[in-house]
Amino acid sequence: MTEQRTPLDAEIRARIARAGPIPIAEFMALCLYDPQHGYYNQRVPFGAAGDFITAPEISQMFGEMIGLWTAQVWRSMGRPAPVALIEFGPGRGTMMRDALRAARAAPEFRRAVRVHLIETSSKLQSQQRRTLSGVDDVALHWHASIDEVPARPCIIVANEFFDALPVRQAERRPTGWHERMVAVDASGALTLTVAHEPLTDLGWKLPAAVAHARIGELFEWRPCKLTIEIARRAAAGGAALIIDYGHLKSATGDTLQAVRSHRYANPLTLPGLTDLTAHVDFEALSKAAEAAGARVHGPVEQGTWLKRLGIETRAAMLEANAPESKRADIAAALLRLTGTGPDQMGSLFKAIAFSAPAIAHLPGFTP
Ligand code: SAH
Numbered sequence: 002m003t004e005q006r007t008p009l010d011a012e013i014r015a016r017i018a019r020a021g022p023i024p025i026a027e028f029m030a031l032c033l034y035d036p037q038h039g040y041y042n043q044r045v046p047f048g049a050a051g052d053f054i055t056a057p058e059i060s061q062m063f064g065e066m067i068g069l070w071t072a073q074v075w076r077s078m079g080r081p082a083p084v085a086l087i088e089f090g091p092g093r094g095t096m097m098r099d100a101l102r103a104a105r106a107a108p109e110f111r112r113a114v115r116v117h118l119i120e121t122s123s124k125l126q127s128q129q130r131r132t133l134s135g136v137d138d139v140a141l142h143w144h145a146s147i148d149e150v151p152a153r154p155c156i157i158v159a160n161e162f163f164d165a166l167p168v169r170q171a172e173r174r175p176t177g178w179h180e181r182m183v184a185v186d187a188s189g190a191l192t193l194t195v196a197h198e199p200l201t202d203l204g205w206k207l208p209a210a211v212a213h214a215r216i217g218e219l220f221e222w223r224p225c226k227l228t229i230e231i232a233r234r235a236a237a238g239g240a241a242l243i244i245d246y247g248h249l250k251s252a253t254g255d256t257l258q259a260v261r262s263h264r265y266a267n268p269l270t271l272p273g274l275t276d277l278t279a280h281v282d283f284e285a286l287s288k289a290a291e292a293a294g295a296r297v298h299g300p301v302e303q304g305t306w307l308k309r310l311g312i313e314t315r316a317a318m319l320e321a322n323a324p325e326s327k328r329a330d331i332a333a334a335l336l337r338l339t340g341t342g343p344d345q346m347g348s349l350f351k352a353i354a355f356s357a358p359a360i361a362h363l364p365g366f367t368p
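In terms of the numbering used here, the sequence shown opens at residue 2 and continues consecutively.
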């Protein structure tokens, strides 16, 4: 059997040969972000022809609900002008396009908005510029990092962004927690292993539910620096909305997932051509945001959140105006976004928000 190899595969092997096994997080960062061969610079992965489909690509209704949410939040903030509307990982730019269109219903808000898109992939930045080319009355800025965005009142949104950030994994052994690494085995293939020495700084950081893990169990976590930065900006006078799939409570388990052409794949094969993600730990997000001084809202299930924002009314309106042949598509999209079945996003995905402590309620988070 001839194994397919990618340019990144060769580079990763060379690195391991030089300096030894690399942590999963480093492997994931190379696979996703390598400027030449990384996944997000290789392809535009979303949509029916890509590897997976995200909520804004399923229906315009998703971005529209985000647009209504941001306009309402702006009113709760006391209508600051200007206000930065910051999106992390905008993908094709579809959600922002639909949100800005929906915000036409709130002209004063739309006039106050300065859009800042945080995107590391130059390929996706170009795609976003194309998608947003029709927006000529709102200032649009692109950045590779939030550090480039001036501190001012802001509303931050991120859909399916955190799941794409590299995770670290460690395995409980009698000697402590050992970081999971990618190595090369005797046959020359990439393989998973654990570091020889235990991590010295993990024990005291573990959530209670994980502290007593059994031997062989895995724990995953992401560095909380970015969550803290987002929460700090929200706490200083604004709000942040994060929607993603994941678990409500910190727990043990391996959720690293590889997807290629809408199918699950081995995370170690075809690096750079395979999407790698892992579940988001909403308890960890919540704790980091509280530590940064923000008020935390939710998490609530995506289906519940969208319904509270009025997605069913919006779907009915679209259906009433659509030709007969399109009505079933609208109903199907609504079900996909809000349904609670295994192939639907309504309960797999959750929404959480952070805000300035003075903002007691945010749309969608209370009945
Ligand atoms: N929000 C979009 C795309 C999700 S995919 C949607 O819902 O369709 C993840 C996106 O985050 C991609 O645009 C990817 O290039 C971007 N991204 C991943 N890691 C990033 C990082 N560290 N900083 C900025 N953007 C990042």
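Built from N, CA and C at the ideal position, the CB exists for glycine as well.
If you drop the 5 nearest sequence neighbours on each side, which residues of the same chain put their C-beta closer than 6 Å to that of residue i?
i	result
residue 309	365
residue 343	none
residue 145	121
residue 38	8, 9, 273
residue 319	331
residue 312	62, 66
For residue i, which beta-bridge partners are listed by DSSP?
i	result
residue 185	191
residue 170	221
residue 276	260
residue 376	Nothing can be reported for residue 376: it is not among the residues displayed for the chain, which extend from 2 to 368.
residue 265	260
residue 404	Any property of residue 404 remains undetermined from this structure, which presents the chain solely from 2 to 368.
residue 115	85, 140
residue 301	352
residue 23	183
residue 296	356
residue 35	Answer by DSSP bridge pairing: none, since residue 35 is not bridged.
residue 283	Residue 283 pairs with nothing; no bridge assigned.
residue 248	282
residue 53	47
Looking only at its own chain, which residues have a Cβ that is under 7 Å from the Cβ of residue i, when we skip the five neighbours before and after it?
i	result
residue 279	164, 168, 221, 256, 257, 258
residue 52	46, 260, 261, 262, 263, 276
residue 323	331
residue 348	302, 304, 341
residue 369	The question about residue 369 has no answer here: the residues shown for the chain are numbered 2 through 368.
residue 286	228, 243, 353
residue 345	336, 337
Does any heavy atom of the ligand SAH sit closer than 7 Å to the C-beta of residue i?
i	result
residue 231	no
residue 120	yes
residue 96	yes
residue 47	yes
residue 89	yes
residue 92	yes
residue 246	no
residue 161	yes
residue 55	yes
residue 125	yes
residue 41	yes
residue 109	no
residue 58	yes
residue 165	yes
Spatial neighbours of residue i within its chain, please: CB distance less than 8 Å, with the 5 preceding and 5 following residues excluded, ordered by chain position.
i	result
residue 2	Interpretation of residue 2 is limited by its pLDDT of 37, a score under 50 that renders its predicted location unreliable; no figure is taken from the coordinates.
residue 194	22, 181, 182, 183, 184
residue 315	62, 65, 66
Is any beta-carbon of chain C found at less than 8 Å from that of residue i?
i	result
residue 167	Looking for chain C here will not work: only one protein chain is present.
Is the segment 330-339 touching the segment 206-220 in the sense that three or more CB pairs, one from each, lie closer than 8 Å?
no
Pair every Cβ in the segment 151-160 with every Cβ in the segment 126-135, then say whether three or more of these pairs are closer than 8 Å.
no
Please confirm if the segment 349-358 is in contact with the segment 235-248, defined as three or more CB-CB distances below 8 Å between the two stretches.
yes
Would you check if the segment 192-201 and the segment 27-36 touch, i.e. whether three or more CB-CB distances between them fall below 8 Å?
no
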